[in-house]
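Okay, structure first, notes after.
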Amino acid sequence: MIYMDNAATSWPKPPGVIRAVTNCMEKYGANPGRSGHKMAIEAGQILLYTREMLCELFHLKDPFQIVFT
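Straight run, no breaks: the sequence shown in the working numbering ends on number 1389.
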C-alpha cells in the first residue's frame, strides 16, 4: 500500500495539478461505473487511464489492483 494523502494538505499546488482538477470538475461531473451515459463513461475512462499511468510509474502489472479511496 502506498499512502499519497499529503497532496490534500500540501501547498502550493503545482499549476498542472490545478489545471487537472479544474478540468475534471468542469467536464466529469458524473460517477464512473454507476451509469451508462456519456459523462459517466468518460469519467470511467479517465480513471482507467490514471490506473494505467500509475502502473507504468510503479512498474505494476494490473491496473485494477489500484484503488482510489
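For glycine and all other residues, C-beta sits at the position ideal for the given N, C-alpha and C.
Task: Cβ pair Ala1340, Pro1352 closer than 7 Å - done: Taking the first residue of the sequence shown as position 1, residue 1340 is located at position 20. Taking the first residue of the sequence shown as position 1, residue 1352 is located at position 32. With a cutoff of 7 Å on beta-carbon distance, Ala1340 and Pro1352 are scored as not near each other.
Open item on the list: Measuring alpha carbon to alpha carbon, tell me which residue in Met1359, Asp1325, Phe1378, Ser1330 is nearest Lys1347.
Closed with: Counting from one through the sequence shown, the residue named residue 1347 turns up at place 27. It is Met1359 whose Cα lies nearest to the Cα of Lys1347.
Task: Helix, strand or coil at Leu1380 according to DSSP, with G and I counted as helix - done: Residue 1380 sits at position 60 when you count from the first residue of the sequence shown. Coil, per DSSP.
- [ ] Can you tell me which of Ile1366, Leu1374, Gly1336 puts its alpha carbon nearest to the alpha carbon of Gly1349?
- [x] Taking the first residue of the sequence shown as 1, we reach residue 1349 at position 29. Ranking the options by Cα distance to Gly1349, first place goes to Ile1366.
TODO: Return the CA-CA distance between Leu1368 and Leu1380, expressed in angstroms with no decimal places.
DONE: Position 48 of the sequence shown, counting from 1, holds the residue named residue 1368. Position 60 of the sequence shown, counting from 1, holds the residue named residue 1380. Between Leu1368 and Leu1380, the C-alpha separation is close to 14 Å.
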